[in-house]
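Line by line, the protein sequences give chains A and B. The numbering of the first sequence is my numbering, which starts it at 1 and goes up by one. The numbering of the second sequence is my numbering, which starts it at 1001 and goes up by one. Built from N, CA and C at the ideal position, the CB exists for glycine as well. Structure, as structure tokens:
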Amino acid sequence: MEILIPLIIIALIVVFVVGMYNRLVTLRQRVREAWSDIDVQLKRRHDLIPNLVATVQGYAAHEKGVFENVTKARAAAVAAGQSGTPQERAVAENQLTAALRTVFAVAENYPQLQAVQEFKDLSENLTATEDKISFARRFYNGNVRDYNTALQTVPTNILAGMFGFTPEQYFELADATEREVPKVSFS
Amino acid sequence: MAASPSRLNIYDAVAANRWRTAALIVVFAGILTGLAYVVGEYFAPGYGVAMIPLALGFSGLSATASYFAGDKLVLAQSQARELGPGEEPQLRNIVETLSIGLGIAPPRIYVIDDSAPNAFATGRDPKHASIAVTRGLLDKLDRTELEGVLAHELSHVVNHDIRVMLLVTVLVGTVALLSDWMLRSFFWGGGGRRGRDRSSGGGIFVILAIVLAILTPIVATLIQLAVSRQREYLADASGALLTRYPPGLANALRKIAADKEALEVANKATASLYFANPLKDAPRALDGLFDTHPPIAERIRRLEAMG
């Protein structure tokens, strides 16, 4: 009988450790899934930009500097997308956002362009894509927070150290229009 | 800025709802067992126990049926039409954007051709979810308001509220059916006669049966309505948290409250599904104890407090 007690204790410890390990894996998996959401939307934005440049160029050919700028920013963002860390990508994407704004600012000056259906569709699509990027980013950052918190709190931090779980990076975009978090109580 | 600590973790909300669902099943199964026993004793003294598996089996069956087919039934009943590709790009974009923010696949979108502004969500889980909005909602609300309403509906989807409400509806229905059956037999003088002939404890059961037949459906309905109202507040709060813009939802509620049109395709059975009470009915009695939705003024007040 006495041999049973330590066996039970060992079994309990094993169950506990396995549970913690699986929790960490689940959290890390959520971060990766959330990251692929962002990735899809960023790529979609990259795909829309050449069309936008071509359309606007048809009406404002002499604004060459603006188009070169956005094309360069896009190339940099695509390159960062292939190999960069979230931080490097965020830097490139921020520059691309800024360059895109100048294209739309140029387009403002051409009323005929505003009336073209293709341009309207492109700008609706780009606006929707930027919205999606910002929601995807928020979802991703929330998951990163949950995962990183688990890595730093007892007792999961011990296991995380043993099995080499490393913290993930937040994806930060400079976004002046970011809305404040409302104060919500669920009482 | 990192994600805020007050972000509602949907995984926690879903887990909490799972517990609530389990608790509801236990409570209702208890009510049903008691009621079934009394009904059984009333009709066939000494065999009350036999009624229990019958009642539980029946409600289990109808719960399973509505679990898998309830969404299609409700959509058909509301004459909802699925959105074709390229139709209503703004609506589709908002739904897709909010779904990304929640980390779910976007639900299917339906439109109901009715000018009363309203919306509902259905489907047993996020993978089988559908959202239906009325033509009136699309015409009368602006982008931020529409976003607020859709965020509210998507919160129902991710919180698994629909499943809870579906289950409660079926269970309340079974309780009502049993009581109804018993009350009817009092009026027509059936069943009970045998109990009286034997005169062994039949008297107590008759009284108990009458009391239960009258009280349990009321209690069951009150539980259902309280759960429904609490789900609405929760969906308002998590919807506001998702859009980060409580005034959008508050303005939508204001517009819908001011709109006097009733939704023709809605009925008592589907009323509790909707974003706001579609029936615009009856003066409220008993301080809203019998309402499917909390008062709109209170919903707006809570949203404005979130600032």
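Status (buried if at least 16 other CB within 10 Å, exposed otherwise) for residue i
i, result
"LYS132 (chain A)", "buried"
"SER1199 (chain B)", "Residue placement at SER1199 (chain B) cannot be trusted, given a pLDDT of 45 that sits under 50; the coordinates are not used to answer."
"ASP1139 (chain B)", "exposed"
"PRO155 (chain A)", "exposed"
"MET162 (chain A)", "exposed"
"GLY1136 (chain B)", "buried"
"ARG1196 (chain B)", "Since pLDDT at ARG1196 (chain B) reaches only 47, below the 50 mark, its modelled position is unreliable, and no value is offered."
"TRP1321 (chain B)", "Since the first residue of chain B shown is 1001 and the last is 1307, residue 1321 (chain B) is not available in this structure."
"TYR1047 (chain B)", "exposed"
"PRO1283 (chain B)", "Unreliable placement is indicated for PRO1283 (chain B), whose pLDDT of 47 sits below 50; the coordinate value is still reported in the next sentence. Exposed."
"LEU12 (chain A)", "exposed"
"SER83 (chain A)", "exposed"
"ILE158 (chain A)", "exposed"
"ILE1207 (chain B)", "exposed"
"GLU93 (chain A)", "buried"
"ILE1204 (chain B)", "exposed"
"ALA1069 (chain B)", "exposed"
"LEU7 (chain A)", "exposed"
"GLN148 (chain A)", "Sequence check: residue 148 (chain A) is Asn here, not Gln. Buried: at least 16 other Cβ atoms inside 10 Å."
"ASN143 (chain A)", "buried"
"PRO1247 (chain B)", "buried"
Min CB distance residue i to chain A below 7 Å
i, result
"ILE1207 (chain B)", "no"
"THR1270 (chain B)", "no"
"GLY1101 (chain B)", "yes"
"THR1097 (chain B)", "yes"
DSSP three-state assignment for residue i, whether helix, strand or coil
i, result
"VAL14 (chain A)", "helix"
"VAL154 (chain A)", "coil"
"TYR59 (chain A)", "coil"
"LEU1008 (chain B)", "With a pLDDT of only 48 at LEU1008 (chain B), under 50, the local geometry of the prediction cannot be trusted, and the value read off the model is given with reservation. Coil at LEU1008 (chain B), not helix or strand."
"TYR1326 (chain B)", "Nothing about residue 1326 (chain B) can be reported from this structure: the residues present for chain B run from 1001 to 1307 only."
"LYS1351 (chain B)", "With chain B represented from 1001 up to 1307, any question about residue 1351 (chain B) goes unanswered, as that position is not in the structure."
"ASP1142 (chain B)", "coil"
"VAL1265 (chain B)", "coil"
"GLY1046 (chain B)", "coil"
"GLY164 (chain A)", "coil"
"HIS1156 (chain B)", "helix"
"PRO1295 (chain B)", "coil"
"GLU1232 (chain B)", "helix"
"ARG1244 (chain B)", "coil"
"ILE3 (chain A)", "coil"
"ASN109 (chain A)", "coil"
"TYR170 (chain A)", "coil"
"LEU1024 (chain B)", "helix"
"ASP1197 (chain B)", "At ASP1197 (chain B) the pLDDT is 47, less than 50, meaning the model places this residue with poor confidence and gives no usable figure here."
"VAL116 (chain A)", "coil"
"LEU1249 (chain B)", "helix"
"LYS1260 (chain B)", "coil"
"LEU1303 (chain B)", "helix"
"LEU1035 (chain B)", "helix"
"LEU1279 (chain B)", "coil"
Neighbour flag for residue i against chain B, beta carbons, 7 Å
i, result
"ARG188 (chain A)", "Because chain A in this structure spans residues 1 to 187, residue 188 (chain A) falls outside the shown range and cannot be described."
"ASP131 (chain A)", "yes"
"ALA150 (chain A)", "no"
"ALA128 (chain A)", "yes"
"ASP47 (chain A)", "no"
"ASP197 (chain A)", "Outside the modelled stretch of chain A, which goes from 1 to 187, sits residue 197 (chain A), for which no answer is possible."
"SER187 (chain A)", "With a pLDDT of only 49 at SER187 (chain A), under the threshold of 50, the placement of this residue in the model should not be trusted; the figure read from the coordinates follows. For SER187 (chain A), the answer is no, since every Cβ of chain B falls outside 7 Å of its Cβ."
is_contact[residue i, chain C] using C-beta, thresh 7 Å
i, result
"ASN1093 (chain B)", "Among the chains of the structure shown, chain C does not appear; the protein chains present are A and B."
Would the region 1167-1179 of chain B count as touching the region 1210-1222 of chain B if we require 3 or more Cβ pairs under 8 Å?
yes
Is the region 1089-1096 of chain B touching the region 1232-1249 of chain B in the sense that three or more CB pairs, one from each, lie closer than 8 Å?
no
Enumerated in chain order, which unbroken segments of the beta strand (DSSP E) with a length of 3 residues or greater are wholly contained in the region 1073-1137 of chain B?
1080-1082, 1108-1112, 1119-1122 and 1130-1134
Counting pairs of beta carbons, one from the region 1107-1119 of chain B and one from the region 1048-1061 of chain B, are three or more of them closer than 8 Å?
no
Is the region 105-124 of chain A in contact with the region 49-67 of chain A, if contact means three or more CB pairs nearer than 8 Å?
yes
Contained alpha helix (DSSP H) runs [length at least 4] in the region 33-98 of chain A, N- to C-terminal order:
64-83
Is the region 1150-1169 of chain B in contact with the region 1125-1135 of chain B, if contact means three or more CB pairs nearer than 8 Å?
yes
Check whether the region 1255-1267 of chain B and the region 1140-1150 of chain B are in contact - that is, three or more C-beta pairs closer than 8 Å.
yes
Cβ contact (3+ pairs, closer than 8 Å) linking the region 130-147 of chain A and the region 34-51 of chain A:
yes
Contact between the region 122-129 of chain A and the region 74-89 of chain A is defined here as three or more beta-carbon pairs at a separation below 8 Å; is this criterion met?
no
Segment contact flag, the region 1017-1037 of chain B with the region 1163-1174 of chain B, C-beta cutoff 8 Å, min 3 pairs:
yes
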